[in-house]
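A quick write-up on the structure given underneath.
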Amino acid sequence: MAPLDGTMGPLLLGVIICAVAYGISLSQIYYYYTRYPRDPLYMKLLVAAVCFTDTVHQAMISHSIYWYLITEYGHPESLGLLSATMIPEVFFQAFTGLFVQSFFAHRVWKLSGRRWYLTAPVVALILAEFSVAMAYAIQALSFKTFLDLGKIKALSISINGFAAAGDVVIACILCTILQVSKTGFEKSNLLVNRLIVFSVNTGLLTSVCACMSLITILALPNTFVYICFFFLIGRLYSNSLMATLNARKSLREKSTIHDTSLSLRDMNPSTTANMSPFSPVKRDGTTSIAIRIDTTQDTRHDDRDAHSLSSQSAKYGSADKTPIEEV
C-alpha cells in the first residue's frame, strides 16, 4: 500500500461519504420543518443547533482535504502537518453528539417513567464522551503534526469507546422499556415491535461506526482509516435524530386501522347470506350494502329502507357523516 493510500485516501473517502450523508441530513431537516410546523420551539431549536454544528463540521473537513490535496500540492512534507481545521472540527462533532444523545436520553427519561437509575448511566456516558472529546481537542490544538497526536492516543480511544457504549446502552434500555410495555393486543404489539426495530437501527449505525474507528486506530495506527470513521460519526448522529423525528407520523399512521371500509363484491352468495338481515339480496342476485363507519357505531342499510335510514340518522345524531363505501 502506497503511503497516500493509507493516509490521504481514507481522509478523502471520509469527506466524500460525509458530504453525501450531510445532503441526506439537509433533506431530512427540510422535511421536518415543512411537515412538523407545530412542534415545540425547543425541538426546532435542537434541530437548528444540530444543523449548524453539522454544517460547520462539514465545511472544516472539506477545507482540510482541500488544503492537503490542492493548496499544498507538490509539498509532500505538508502531508504530515495538521491543517488549521483538522482539530477544531472535533469541537463541533462533540457538540453534535451531545445534542443528539441528550435527545435520546430525554426519551429514556420519559419512557421509563422518570426513573433516574435508568437515565443516570446514559447521562454519565454522554458527559464522559463529551468531556473526553473536549480534552482531546484542547490538548491537540497545540500540536503541529499527526505524529504529535500519538501523545493523546488514549483520549482518542476513550472517545470512541464512550460513544459506542452510550449508543448501545440507549438502544438496550429503549428496547427493554418497549418490550415490557406490550399489552398482548396484536395491534399495539405490532407498533411496539416497529418501535423496537427502529430504536435498534438508529443506534446501530453510530455504534458500529464508533467501534470501527476504535478497531482501526488500534489495528492500523499509522493510517488515517480511523479518521474516516470518526468523521462519519457526527453525520450519523444528525441523521438518526432526523429519522426519529420524521418517522413519528408514519408510525402513528401505521398504528391506525388501515381498512376503513368493507367491500363484499368478491364474497360468494353463501357468505352474504350469513350476514342477513344486514345484507339483503336484490332480484338480480347482486348485493347492495352501504356501510357507515364511525368511531362509535356502524350503521348498515340498503336502498329499500330510506325511511329507516333517516330515522336512525336523527336518532344517533350522525346525519352529517357520509358512508365510507357503497357497493
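For the sequence shown, the working numbering gives the first residue as 30, with consecutive numbering after it.
Backbone N, C-alpha and C define an ideal beta-carbon position, used for all residues, glycine too.
Original post:
For the 8 Å Cβ check, are there 3 or more pairs between the stretch 221-232 and the stretch 206-213?
Top reply: yes
**OP:** State the start and end residues of the unbroken alpha helix (DSSP H) segment that holds H135.
**Re:** P117 to L140
Subject >> Own chain residues within Cβ distance below 8 Å of G35, not counting five before or after >> reply: L249, N251, T252, F253 and V254
Original post:
How many Å lie between E101 and S91 at the Cα?
Top reply: 14 Å
**OP:** Specify, as a first and last residue, the run of the alpha helix (DSSP H) that E101 falls within.
**Re:** No alpha helix (DSSP H) holds E101; DSSP gives it neither H nor E.
Original post:
Hey, how far is the Cα of I244 from the Cα of Q57?
Top reply: 31 Å
Original post:
Which class does L33 belong to by DSSP, given the choice of helix, strand or coil?
Top reply: helix
Subject >> Outcome for L154 when other beta-carbon atoms lying within 10 angstroms are tallied against a minimum of 16 >> reply: buried
Subject >> Simplified DSSP assignment, three categories, for L170 >> reply: coil
Original post:
Would you report the Cα separation of I202 and A78, rounded to the nearest angstrom?
Top reply: 26 Å
Original post:
Which residue comes first and which comes last in the alpha helix (DSSP H) that contains L261?
Top reply: V254 to N275
Subject >> Selected residue, minimal CA-CA separation from F128, among S279, L265, R277 and K278 >> reply: L265
Original post:
Quick one: Cα of T205 to Cα of A192, how far?
Top reply: 20 Å
**OP:** With a cut-off of 8 Å on the beta carbons, I'd call A123 and M89 a contact; round off their distance for me.
**Re:** In fact, because the Cβ distance is near 13 Å, the residues do not count as touching under 8 Å.
**OP:** Over the uninterrupted alpha helix (DSSP H) stretch that includes D83, give me the two end residues.
**Re:** L70 to Y95
Original post:
Is the stretch 102-110 touching the stretch 129-138, taking contact as three or more C-beta pairs under 8 Å?
Top reply: no
Subject >> DSSP three-state assignment for L110, whether helix, strand or coil >> reply: strand
Subject >> Helix, strand or coil at K216 [DSSP, three-state] >> reply: helix
Original post:
Can you tell me whether DSSP reads S210 as helix, strand or coil?
Top reply: coil
**OP:** Could you tell me if M72 is buried or exposed, where buried requires 16 or more neighbouring beta carbons within 10 angstroms of its beta carbon?
**Re:** exposed
Original post:
If you drop the 5 nearest sequence neighbours on each side, which residues of the same chain put their C-beta closer than 6 Å to that of N189?
Top reply: A239, S242 and L243
Original post:
Any chance the stretch 161-175 sits against the stretch 194-201, with 3 or more Cβ pairs inside 8 Å?
Top reply: no
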